[in-house]
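Chemist: In the UniProt record's numbering, the protein residues as written are 1 to 156.
Note that the Cβ used here is the ideal one computed from N, Cα and C, for glycine as well.
These numbers come from a predicted model, not from an experiment.
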(Lines of atoms letter the chains of each structure in order from A; the text may use other names.)
(Lines give C-alpha, C1' and ligand atoms only; values in the text may rest on other atoms or scores of the structure.)
Protein backbone atom coordinates (compact mmCIF):
# COMPACT_ATOMS: atom_id res chain seq x y z
CA UNK A 1 0.00 0.00 0.00
CA UNK A 2 1.28 3.47 -0.84
CA UNK A 3 0.65 6.31 1.55
CA UNK A 4 -0.95 9.52 0.31
CA UNK A 5 0.91 12.55 1.63
CA UNK A 6 -2.11 14.60 2.73
CA UNK A 7 -2.17 18.41 2.93
CA UNK A 8 -0.80 19.38 6.36
CA UNK A 9 0.71 16.00 7.25
CA UNK A 10 4.17 17.52 7.75
CA UNK A 11 2.82 20.05 10.25
CA UNK A 12 3.18 23.03 7.90
CA UNK A 13 2.00 25.66 7.94
CA UNK A 14 2.46 25.62 11.70
CA UNK A 15 -0.54 27.85 12.39
CA UNK A 16 -2.82 24.93 11.55
CA UNK A 17 -4.72 23.48 14.50
CA UNK A 18 -3.65 20.03 15.53
CA UNK A 19 -6.29 17.51 14.57
CA UNK A 20 -5.42 14.50 16.70
CA UNK A 21 -6.57 13.55 20.18
CA UNK A 22 -3.45 13.39 22.35
CA UNK A 23 -5.43 12.09 25.33
CA UNK A 24 -6.69 9.19 23.20
CA UNK A 25 -3.07 8.50 22.19
CA UNK A 26 -1.95 8.46 25.82
CA UNK A 27 -4.80 6.09 26.72
CA UNK A 28 -3.84 3.83 23.81
CA UNK A 29 -0.21 3.82 24.95
CA UNK A 30 -1.23 2.74 28.47
CA UNK A 31 -3.55 0.12 27.03
CA UNK A 32 -0.80 -1.36 24.86
CA UNK A 33 1.69 -1.64 27.72
CA UNK A 34 -1.01 -3.26 29.87
CA UNK A 35 -1.66 -5.86 27.15
CA UNK A 36 2.08 -6.52 26.86
CA UNK A 37 2.57 -6.45 30.65
CA UNK A 38 5.00 -3.58 30.34
CA UNK A 39 5.05 0.06 31.23
CA UNK A 40 4.99 3.48 29.67
CA UNK A 41 8.57 4.75 30.00
CA UNK A 42 8.02 8.25 28.59
CA UNK A 43 5.52 10.39 26.75
CA UNK A 44 6.41 13.51 24.76
CA UNK A 45 4.25 16.00 22.92
CA UNK A 46 5.36 17.68 19.68
CA UNK A 47 7.67 20.66 20.15
CA UNK A 48 9.24 23.31 17.92
CA UNK A 49 11.50 20.78 16.22
CA UNK A 50 9.20 17.80 15.60
CA UNK A 51 5.65 17.14 14.42
CA UNK A 52 4.75 14.02 16.37
CA UNK A 53 3.85 12.62 19.76
CA UNK A 54 6.17 9.95 21.09
CA UNK A 55 5.48 7.24 23.65
CA UNK A 56 8.26 4.93 24.75
CA UNK A 57 6.90 1.51 25.69
CA UNK A 58 8.96 -1.05 27.54
CA UNK A 59 8.68 -4.57 28.90
CA UNK A 60 11.12 -7.30 29.77
CA UNK A 61 14.16 -6.53 27.64
CA UNK A 62 12.36 -4.76 24.77
CA UNK A 63 11.78 -1.09 24.10
CA UNK A 64 9.70 0.31 21.28
CA UNK A 65 8.48 3.77 20.35
CA UNK A 66 4.94 4.55 19.30
CA UNK A 67 4.60 7.73 17.26
CA UNK A 68 1.52 9.75 16.37
CA UNK A 69 1.53 12.41 13.67
CA UNK A 70 0.28 15.66 15.26
CA UNK A 71 -2.04 16.54 12.38
CA UNK A 72 -3.55 13.22 11.34
CA UNK A 73 -4.38 10.00 13.24
CA UNK A 74 -1.44 8.08 11.77
CA UNK A 75 0.68 5.92 14.07
CA UNK A 76 4.03 4.25 13.55
CA UNK A 77 6.25 1.94 15.54
CA UNK A 78 9.99 2.60 15.69
CA UNK A 79 12.93 0.72 17.20
CA UNK A 80 14.98 3.89 17.61
CA UNK A 81 14.62 7.62 17.22
CA UNK A 82 17.53 9.91 16.63
CA UNK A 83 17.40 13.43 15.30
CA UNK A 84 16.51 13.07 11.58
CA UNK A 85 16.81 9.27 11.80
CA UNK A 86 13.82 7.14 12.79
CA UNK A 87 13.98 3.37 12.28
CA UNK A 88 10.39 2.39 11.47
CA UNK A 89 9.34 -1.18 12.23
CA UNK A 90 6.27 -3.38 12.07
CA UNK A 91 5.28 -4.59 15.53
CA UNK A 92 2.86 -7.22 16.79
CA UNK A 93 1.11 -4.57 18.92
CA UNK A 94 -0.30 -3.19 15.65
CA UNK A 95 -2.99 -5.86 15.91
CA UNK A 96 -3.98 -4.54 19.35
CA UNK A 97 -4.19 -0.99 17.97
CA UNK A 98 -6.41 -2.16 15.11
CA UNK A 99 -8.77 -4.00 17.48
CA UNK A 100 -8.88 -1.14 20.02
CA UNK A 101 -11.29 0.97 17.97
CA UNK A 102 -9.20 4.08 18.78
CA UNK A 103 -9.51 5.54 15.28
CA UNK A 104 -5.77 5.63 14.65
CA UNK A 105 -4.21 3.90 11.65
CA UNK A 106 -0.86 2.17 11.96
CA UNK A 107 1.37 2.87 8.97
CA UNK A 108 3.56 -0.05 7.99
CA UNK A 109 7.33 0.14 7.88
CA UNK A 110 7.23 -0.45 4.12
CA UNK A 111 4.88 2.53 3.62
CA UNK A 112 7.07 4.80 5.74
CA UNK A 113 10.36 3.57 4.27
CA UNK A 114 9.18 4.19 0.70
CA UNK A 115 11.58 6.54 -1.08
CA UNK A 116 10.40 10.09 -1.52
CA UNK A 117 10.69 11.00 -5.20
CA UNK A 118 11.52 14.64 -5.82
CA UNK A 119 11.79 16.52 -9.09
CA UNK A 120 14.32 19.25 -8.32
CA UNK A 121 13.74 20.90 -11.68
CA UNK A 122 10.03 21.54 -11.14
CA UNK A 123 10.12 21.46 -7.31
CA UNK A 124 7.45 18.79 -7.12
CA UNK A 125 7.00 15.61 -5.13
CA UNK A 126 6.30 12.71 -7.46
CA UNK A 127 4.76 10.44 -4.80
CA UNK A 128 0.98 10.63 -4.55
CA UNK A 129 0.24 13.79 -2.56
CA UNK A 130 -1.92 16.82 -1.89
CA UNK A 131 0.81 18.73 -0.04
CA UNK A 132 0.52 22.48 0.34
CA UNK A 133 3.10 25.04 -0.82
CA UNK A 134 4.57 25.51 2.70
CA UNK A 135 5.21 21.78 2.92
CA UNK A 136 6.81 21.65 -0.51
CA UNK A 137 9.14 24.49 0.50
CA UNK A 138 10.10 22.58 3.67
CA UNK A 139 10.65 19.36 1.72
CA UNK A 140 13.00 21.02 -0.75
CA UNK A 141 14.85 22.70 2.11
CA UNK A 142 15.24 19.62 4.40
CA UNK A 143 15.45 17.04 1.57
CA UNK A 144 13.84 14.06 3.33
CA UNK A 145 14.62 10.66 1.84
CA UNK A 146 11.44 8.71 2.70
CA UNK A 147 7.70 9.13 3.17
CA UNK A 148 8.26 8.55 6.91
CA UNK A 149 10.69 11.49 7.01
CA UNK A 150 7.81 13.74 5.93
CA UNK A 151 5.08 12.22 8.12
CA UNK A 152 7.32 12.17 11.23
CA UNK A 153 9.81 14.98 10.92
CA UNK A 154 12.23 17.18 12.86
CA UNK A 155 11.76 20.35 10.82
CA UNK A 156 11.62 23.63 12.69
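Can you give me the C-alpha to C-alpha distance between residue 120 and residue 140, rounded to a whole angstrom?
Modeler: The C-alpha of residue 140 is placed about 8 Å away from the C-alpha of residue 120.
Chemist: According to DSSP, is residue 53 part of a helix, a strand, or is it coil?
Modeler: Residue 53: strand per DSSP, three-state reduction.
Chemist: Candidates 44, 31, 126: which alpha carbon is nearest residue 116's?
Modeler: 126
Chemist: Report the option in 72, 152, 65 whose CA atom is closest to the CA atom of residue 91.
Modeler: 65
Chemist: Identify, in the order they occur along the chain, each residue of the same chain with its Cβ nearer than 6 Å to the Cβ of residue 93, setting aside the five sequence neighbours on each side.
Modeler: 32
Chemist: Excluding the 5 residues flanking residue 43 on each side, which residues of the same chain have their C-beta closer than 7 Å to its C-beta?
Modeler: 26, 29, 55
Chemist: Select from 113, 48, 22, 81 the residue whose C-alpha is nearest the C-alpha of residue 2.
Modeler: Residue 113 is the option with its Cα nearest to residue 2.
Chemist: Quick check on DSSP: helix, strand or coil for residue 112?
Modeler: helix
Chemist: Using a Cβ-Cβ cut-off of 7 Å (strictly less than) and excluding sequence neighbours within five positions of residue 22, which residues of its own chain qualify?
Modeler: 45, 53
Chemist: Looking at the unbroken beta strand (DSSP E) that takes in residue 127, where does it start and where does it end?
Modeler: Unbroken run through residue 127: none, as it is neither H nor E.
Chemist: For residue 39 and residue 132, I'd like the C-alpha separation in whole angstroms.
Modeler: 38 Å
Chemist: According to DSSP, simplified to helix, strand and coil, what is residue 119?
Modeler: strand
Chemist: Whose C-beta lies closer than 8 Å to the C-beta of residue 7 among residues of the same chain, with five residues either side of it excluded?
Modeler: The beta carbon of residue 7 sits closer than 8 Å to those of 130, 131, 132, 135, all from its chain and outside the five residues before and after it, given in chain order.
Chemist: Just to confirm, are residue 151 and residue 10 a CB contact at a threshold of 9 Å?
Modeler: yes
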